[in-house]
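Student:
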Amino acid sequence: MFHLAARSSSPMHQDNPTEGARVNVEGFIETVEAAIQEGAGKVVYASTSSMYGTVPPPHTEDADVVPKNRYSASKLCREQYGKCYSHRGEIQTTGLRFFSVYGPHEKPKGKYANIISQFLWKMQNGEQPVIWGDGAQERDFTYVEDVVDALIKAAETRQELDGEVVNVGTGQPHTFNEVMDALNSELETEIQAEFVENPRGDSYIHEHRADTSKAESLLGWKPSNSFQDGVRKTVDYHS
């Protein structure tokens with residue numbers, strides 16, 4: 104069974120903390136309990152790389168994480184419950200810590216969307232995307248097709264992944280300025296970002312890069328889409 108449902112961004116939890124916890128934690132427990140009752144052998148669920156916060160990259164699964172926001176805290180709770188179910192032998196669970204997933208089919212949802220989608224929708228309307236700081240901050244953008252492939256491989260891998268969490272990223276981060284350049288290239292535009300002061304200060308995540316060695320060794324997984332190809336496919340879908 105795959106469990107991907109969630110309040111899936113930090114602003115959602117900031118706007119409604121109680122609903123965020125109910126969906127991400129209670130909803131996860133309800134799903135796993137239903138899977139046990141139906142005799143499912145395994146639950147593969149979505150976690151997040153956001154819990155690494157300001158930990159220096161590359162981010163490894165055994166890093167000491169201290170959630171900096173409610174969203175990350177809810178996903179860390181989800182992981183702990185998953186490990187509990189596995190260690191009790193009730194059902195196998197595997198959590199995948201997704202890194203900045205983007206791609207086609209994301210619905211327009213403003214500040215709740217991935218940054219590539221946010222920038223793209225603005226630029227298609229001839230508007231300037233707003234960037235906090237100087238645009239040098241990095242994210243490990245992971246194309247959605249590669250994420251689907253990782254999910255399938257996690258479902259097919261049994262005992263080795265029981266109770267584990269695994270990074271799903273590329274290990275090759277790109278800056279927000281590089282996102283702007285890639286989108287301008289695909290859209291054949293020359294739109295400049297609007298740079299504003301970063302309101303989050305020291306709590307803001309400036310670097311974001313997955314160590315993917317665990318995914319490679321246990322899942323046999325590597326991303327197959329380059330950043331440029333992923334951006335092109337995303338722009339083509341929304342054009």
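Under this note's numbering, think of the first position of the sequence shown as 104, with each following residue one higher. Cβ coordinates follow ideal geometry from the N, Cα and C atoms, glycine included.
(1) Note down, in chain order, each residue of its chain lying with its Cβ closer than 7 angstroms to the Cβ of glutamate 209, except the 5 sequence neighbours on either side.
(2) Pull up the CB-CB distance for isoleucine 194 and valine 135, whole angstroms please, since I reckon it's below 8 angstroms.
(3) If you follow the alpha helix (DSSP H) that arginine 335 is part of, which residue opens it and which one closes it?
(4) Find out if the Cβ-Cβ distance for the pair methionine 104, alanine 143 is shorter than 8 angstroms.
(5) Helix, strand or coil, according to DSSP, for arginine 173 in the structure here?
(6) Measuring alpha carbon to alpha carbon, tell me which of Pro114, Gly236 and Val147 ends up nearest arginine 279.
(7) Going along the chain, which unbroken runs of the alpha helix (DSSP H) with 4 or more residues stay wholly within the stretch 220 to 306?
(8) Distance check for glutamate 259 and glutamate 267, CA to CA, integer angstroms please.
(9) When the Cα atoms are used, what is the spatial distance from aspartate 332 to threonine 245?
(10) Output the distance between the C-alpha atoms of histidine 277 and glutamate 241, rounded to the nearest integer angstrom.
(11) Can you tell me the Cα-Cα spacing of cysteine 180 and tyrosine 205, whole angstroms?
(12) By a C-beta neighbour count over all protein chains shown, 10 Å radius and 16 as the cutoff for buried, is serine 327 buried or exposed?
(13) Going by the DSSP bridge assignment, what does phenylalanine 131 pair with across the sheet?
(14) Across which residues does DSSP place arginine 200 in a beta bridge pair?
(15) Indicate whether proline 161 and alanine 313 have their beta-carbon atoms separated by less than 8 angstroms.
(16) Suppose you measure from the CA of valine 251 to the CA of valine 271; what does that come to, to the nearest Å?
(17) DSSP state of histidine 343, grouped into three classes?
(18) Leaving aside the five residues before and after tyrosine 155 along the sequence, list all residues of the same chain whose C-beta is less than 7 angstroms from its C-beta, in chain order.
(19) Look at the alpha carbon of glutamine 231 and the alpha carbon of glycine 130, and state the distance between them as a whole number of angstroms.
(20) Starting from the C-beta of asparagine 308, find all residues in its chain whose C-beta is less than 7 angstroms away, skip the five residues before and the five after it, and write them out in chain order.
(21) By DSSP, does aspartate 162 sit in helix, in strand, or in coil?
Tutor: So, from the listed chains and residues:
(1) Ala216, Asn217 and Ser220
(2) 6 angstroms
(3) 330 to 341
(4) yes
(5) helix
(6) Note that residue 279 corresponds to phenylalanine in the displayed sequence, not to arginine. Among Pro114, Gly236 and Val147, the Cα nearest to that of phenylalanine 279 is on Gly236.
(7) 247 to 259 and 279 to 290
(8) 14 angstroms
(9) 11 angstroms
(10) If you take the alpha carbons of histidine 277 and glutamate 241, they lie about 5 angstroms apart.
(11) 24 angstroms
(12) exposed
(13) According to DSSP, which records beta bridges pairwise, phenylalanine 131 is partnered with nothing at all.
(14) Ser150 and Asn270
(15) A Cβ-Cβ contact shorter than 8 angstroms links proline 161 with alanine 313.
(16) 10 angstroms
(17) Residue coverage of the chain in this structure runs from 104 to 342, which leaves residue 343 outside it and unanswerable.
(18) His162, Ala166 and Val168
(19) So the two alpha carbons sit approximately 37 angstroms from each other.
(20) The question names asparagine, but residue 308 in the sequence shown is isoleucine. Answer for isoleucine 308: Gly156 and Thr157, listed in chain order.
(21) Here residue 162 turns out to be histidine, not aspartate, going by the sequence shown. Note: histidine 162 maps to strand in three-state DSSP.
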